[in-house]
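The block underneath contains the structure these notes are about, expressed in structure tokens.
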Amino acid sequence: MVSTFGSLATAYSGLTAARAGIDVTGQNIANAGTAGYTRQRVTQSSVPAVQTGFVHGTAALAGQGVSVDGIARLGSLTLDAGLRAATGSSAWAQTRATGLSAIEDGLHEPGKNGLSAQLDVFWSAWGDLAAHPDDAGAASSVIAAATTVATALATGSRALDTQWATVRSTAATQVDQLNAAAKQVAGLNVQIRSALAAGGSANELQDQRDRLTQQIAGLAGGTVRTNSDGTVDVLLGGNPLVQGDTVRTVALEGGARLGDGAAVSLRWTSGSAGSVTLDGGSIGGALALLAPAAGGTGGAIAEASAAYDRVATRLAETVNTEHAKGTTPSGATGAPFFALAAGTPAAQGLSVVPTDGDGLATRNAAGQLDDSFADTLSRLGTVAGGADRTWASFVAGVGSASRTASSEATLTGLALTSARTQQQSGAGVDLDEENVNLLSYQHAYQGAARVLTAVDEMLDTLINRVGLVGRG
Amino acid sequence: MITRVTTQMSITAATERLQANAARVADATQRATTLQAIAKPSDDPVGTGSSMQVRKEQAAAAQYTRNANDAVGWLATTDSALSGAHAVLTTVRDLTVQAANSGVMDDTARDAFITQFRALKADLESAANTTYGTRSVFAGSSTEATAYTSADGFAAATTAVSRRVGDAQTVRVDTPGAAAFGSGATSAFAVIDGIVADLQNGVNVNPKLNDVDAAFGTLRAAQADVGVRHAAALGAQDALKTSSVALETRRAGIEDLDLAGAVLDLQVQQTTYQAALAVTAKVLQPTLMDYLR
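Sequences listed follow chains W and A, in order.
Under the working numbering, read the first sequence as residues 1 to 472, first letter to last.
Under the working numbering, read the second sequence as residues 473 to 765, first letter to last.
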């Protein structure tokens with residue numbers, strides 16, 4: 001048998017539960033636009049009837065109301081992991097595509113501003129010199145065109161140096177972010193562990209931590225492992241970056257300039273040393289871009305720089321070989337046309353030796369005007385293995401690589417969108433749903449209040465109206 | 473399969489779709505305004521290679537055209553110089569015939585003939601020193617200031633002067649002076665000198681007519697040769713005109729967009745974008761909030 005005031009307690013528990021429900025719904029609606037927020041729901045259960053024992057027999061008794069057990073966080077670990085993986089590969093592909101696109105923009109091909117067109121002008125200038133070997137104007141236009149080609153090669157090569165340095169410093173900043181995020185994850189691990197151990201709710205802290213682990217995934221890929229005490233471990237290439245409350249740091253090491261030709265790598269700077277194997281993330285993409293040249297399979301920037309050097313070297317070799325066969329007006333033979341400075345990349349060290357027509361091989365051995373040398377030089381643009389062919393195959397190579405990288409970036413971007421949609425589908429706040437919940441909790445509250453009124457009236461009847469038979 | 477559609481999800485998806493549409497509109501606008509099919513190598517790596525190759529051929533064709541024009545000019549100058557020389561030799565022959573048929577001449581008449589012959593020789597020398605620009609047309613590769621001096625004859629040339637008018641075609645533009653005017657004792661200049669000497673010595677110049685005719689023969693042969701080369705240069709000019717049109721057509725085919733197609737594409741993209749905007753505005757507005765009171 002239930003005590004007299006037991007029903008009041010039951011009604012009160014209903015009121016409390018409905019209020020808790022409204023609070024949580026309010027929190028959900030308030031955070032409908034918060035990035036990384038995971039929707040929450042009150043978990044409640046019915047309280048069973050008290051076992052009354054043999055004194056009162058085993059009469060059927062109503063339960064004792066409702067209890068609020070906790071506030072559940074309706075996220076999915078699987079979908080979160082999928083989102084992190086997609087973020088990592090998308091960031092990797094995006095970084096690579098951006099780098100290749102920048103290289104490609106620096107080519108200015110096809111069109112009249114590219115190196116190919118400038119080489120055409122150069123060869124044409126030799127053709128004009130062949131027609132007018134004694135013309136100072138034709139001679140100076142050959143030298144001017146050659147200077148333009150050398151400048152274009154140097155500018156392109158320097159732009160690659162700058163791009164390499166920019167990518168490296170961006171990667172260094174991202175490594176700092178990675179270290180900071182890892183430190184915060186470890187800090188949150190501690191807070192969450194103590195909150196959970198004390199039986200409290202750590203939902204908002206977990207949202208924060210998920211945002212950080214996703215940031216880490218975007219920076220460096222990696223996997224996240226959940227532990228039974230509520231903490232997470234973040235693994236990079238199989239080794240822990242964060243383990244419970246301990247955190248390890250990483251740093252970029254290796255070449256500081258493109259000219260160094262040294263590989264740039266990410267290394268552990270605390271705990272056991274060694275290099276970090278990255279399976280994604282923008283730092284991974286940057287490291288792939290920064291890799292040294294390796295005969296066509298190295299890093300895109302270094303390969304492009306090597307291609308500029310190849311073009312410069314081939315240009316100097318082919319032109320000098322032919323030019324050396326002729327005699328200059330002053331009677332010198334074997335005079336070089338291009339010079340390559342030692343110690344600098346060929347593309348940046350290319351310079352034009354003659355300063356006027358006196359340095360150009362326009363004569364034969366007898367000192368007479370001979371157009372054959374200039375004519376051969378004017379046709380070097382079409383020889384197999386010449387500067388033009390080298391350049392054309394490089395441009396086509398960069399074009400193909402950029403095209404592939406860009407479609408890869410698009411595909412991983414689509415995968416990321418899909419993963420985010422899936423994750424939001426589970427964890428996101430739906431305003432319609434929250435409104436319905438709000439209504440139902442409101443009605444539950446009203447219902448519980450009505451029960452309270454009913455019990456109150458019942459007691460009133462019992463106390464004030466019972467036993468008054470025959471009284472005035 | 474997504475069973476639960478949340479507010480954030482619809483907003484994100486709508487934003488992404490609008491972004492994608494806007495990007496396509498920007499892309500179509502760029503193509504319609506530049507009318508370039510290949511803005512960067514990755515748009516069409518193979519087309520980029522072809523485009524660079526065609527531009528290279530165009531540059532070469534432009535160079536060959538300049539060379540051919542130069543060759544035509546040089547050979548026309550040579551041709552007119554040879555025609556002038558031919559006229560001089562005709563006069564020389566007429567005078568020789570007159571002198572041969574004048575019987576015994578007094579000094580005045582003889583001196584008049586000699587003066588005329590010397591003047592004609594000077595004309596011939598000036599024809600032999602004809603220049604095209606800075607170059608003597610009969611001096612070949614020589615760097616001498618004048619092609620012919622009566623003391624040294626024609627300047628020695630070691631190599632021919634030619635103009636490249638095609639990948640595998642060159643036209644020789646110089647004409648060795650000796651080939652046109654003869655050399656040594658049989659040269660046109662020596663023949664006139666011989667006539668003058670005979671006149672001075674009172675010898676009948678009639679036999680010299682044969683020498684004059686021989687000089688004519690040499691000159692005509694040279695004229696024919698120049699004519700053939702001139703025709704070759706003119707033919708190359710025509711061929712280059714045709715090929716430059718063909719090359720431009722090829723370049724346009726690779727690099728340029730069809731205006732109608734580009735504008736139509738832009739229009740389609742814009743319409744799609746506007747439709748997406750209108751639909752998004754309709755779909756995103758209502759939530760249950762709008763209907764509860």
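Glycine included, C-beta positions come from ideal geometry on N, C-alpha and C.
Go ahead and pull the three-state DSSP assignment for residue i.
i	result
W/Ile71	strand
A/Ala571	helix
W/Met1	The predicted position of W/Met1 is uncertain, since its pLDDT is 49 and thus under 50; a value taken from the coordinates is nonetheless stated next. The answer is coil: DSSP assigns W/Met1 none of H, G, I, E or B.
W/Thr148	helix
A/Leu731	helix
A/Thr752	helix
W/Gly467	coil
W/Leu83	helix
A/Gly625	strand
W/Leu61	coil
W/Thr277	coil
A/Ser482	helix
A/Tyr604	strand
A/Val740	helix
W/Thr246	strand
Taking the alpha carbon of residue i as the point to measure from, which residue in the options has its own alpha carbon closest?
i	options	result
W/Leu77	W/Leu278, W/Val232, W/Val68	W/Val232
A/Ala417	A/Val735, A/Tyr604, A/Thr484, A/Asp710	A query on residue 417 of chain A cannot be resolved here, the shown segment of chain A reaching from 473 to 765 and no further.
W/Ala324	W/Gln348, W/Ala97, W/Gly295, W/Ser372	W/Ser372
W/Thr34	A/Thr479, A/Val576, A/Ala486, A/Asn493	A/Thr479
W/Ser393	W/Ala312, W/Asp229, W/Leu83, W/Ala307	W/Ala307
W/Leu289	W/His132, W/Ala139, W/Asp460, W/Trp164	W/Trp164
A/Thr549	A/Ala600, A/Gln535, A/Asp683, A/Thr487	A/Ala600
A/Glu597	A/Ala704, A/Phe585, A/Leu547, A/Gly654	A/Gly654
W/His443	W/Asp128, W/Ser7, W/Ser3, W/Leu15	W/Leu15
A/Asp465	A/Arg496, A/Ser715, A/Thr752, A/Ala669	Outside the modelled stretch of chain A, which goes from 473 to 765, sits residue 465 of chain A, for which no answer is possible.
W/Ala335	W/Gln348, W/Ala365, W/Ala347	W/Ala365
A/Arg701	A/Val643, A/Ala623, A/Val576, A/Arg476	A/Val643
W/Gly237	W/Thr421, W/Ala217, W/Gly82, W/Thr10	W/Ala217
W/Ala198	W/Gly36, W/Ala409, W/Ala341, W/Gly70	W/Gly70
By the 10 Å Cβ neighbour count, where 16 or more other Cβ atoms means buried, how is residue i classified, buried or exposed?
i	result
W/Asn437	buried
W/Ser406	buried
A/Pro758	exposed
W/Met1	Annotation note: pLDDT 49 at W/Met1 (below 50); position unreliable, coordinate value reported separately. Answer is exposed; the Cβ neighbour count stays below 16.
W/Gln396	Before going further, note that residue 396 of chain W is Ala rather than Gln in the sequence given. When all chains shown are included, W/Ala396 counts as buried.
W/Arg209	buried
A/Thr773	What is shown of chain A runs 473 to 765, which leaves residue 773 of chain A out entirely.
W/Gly65	buried
W/Tyr441	buried
W/Arg465	exposed
A/Leu756	exposed
How far does the beta strand (DSSP E) with residue i in it reach, from first residue to last?
i	result
W/Gly254	250 to 254
A/Thr642	641 to 644
W/Leu340	338 to 340
W/Leu241	239 to 243
A/Gly638	634 to 638
W/Val264	264 to 268
A/Leu764	Note, A/Leu764: premise wrong, no beta strand (DSSP E); not H, not E.
W/Gln40	40 to 46
W/Val224	223 to 226
W/Val352	350 to 352
How is the alpha helix (DSSP H) around residue i delimited, first residue to last?
i	result
W/Leu235	First-last for W/Leu235: 232 to 236, but that is the beta strand (DSSP E), not the alpha helix (DSSP H).
A/Gly689	680 to 727
A/Phe610	No alpha helix (DSSP H) contains A/Phe610, which DSSP labels as neither H nor E.
W/Arg454	In the sequence under discussion, the amino acid at residue 454 of chain W is Ala, which differs from the Arg named in the question. 431 to 460 is the span of the alpha helix (DSSP H), which, as asked, contains W/Ala454.
With respect to 8 Å, is the separation between the Cβ of residue i and the closest non-hydrogen atom of the ligand MG below this value?
i	result
A/Ala694	In the structure shown, the ligand MG is absent, as is every other ligand, since no ligand is present at all.
Q. Between the region 170 to 184 of chain W and the region 276 to 290 of chain W, do at least 3 Cβ pairs fall closer than 8 Å?
A. yes
Q | the region 733 to 749 of chain A in contact with the region 517 to 525 of chain A per 3-pair CB rule at 8 Å | A | no
Q. Should the region 621 to 629 of chain A be regarded as contacting the region 648 to 668 of chain A, the criterion being three or more beta carbon pairs within less than 8 Å?
A. yes
Q | Cβ contact check for the region 356 to 369 of chain W and the region 317 to 334 of chain W: 3 or more pairs under 8 Å | A | yes
Q. Touching or not, the region 88 to 101 of chain W and the region 217 to 230 of chain W, by the rule of three or more beta carbon pairs under 8 Å?
A. yes
**Q.** Inter-stretch contact (C-beta, 8 Å, three-pair minimum) for the region 141 to 161 of chain W and the region 112 to 123 of chain W
**A.** yes
(Q) Under 8 Å: do the region 439 to 453 of chain W and the region 483 to 501 of chain A share three or more Cβ pairs, one atom per stretch? (A) no
Q. Given 8 Å as the limit, is there contact between the region 683 to 697 of chain A and the region 560 to 568 of chain A, that is, 3 or more CB pairs closer than that?
A. yes
Q) Do the region 116 to 132 of chain W and the region 527 to 547 of chain A make contact, defined as three or more Cβ pairs closer than 8 Å? A) yes
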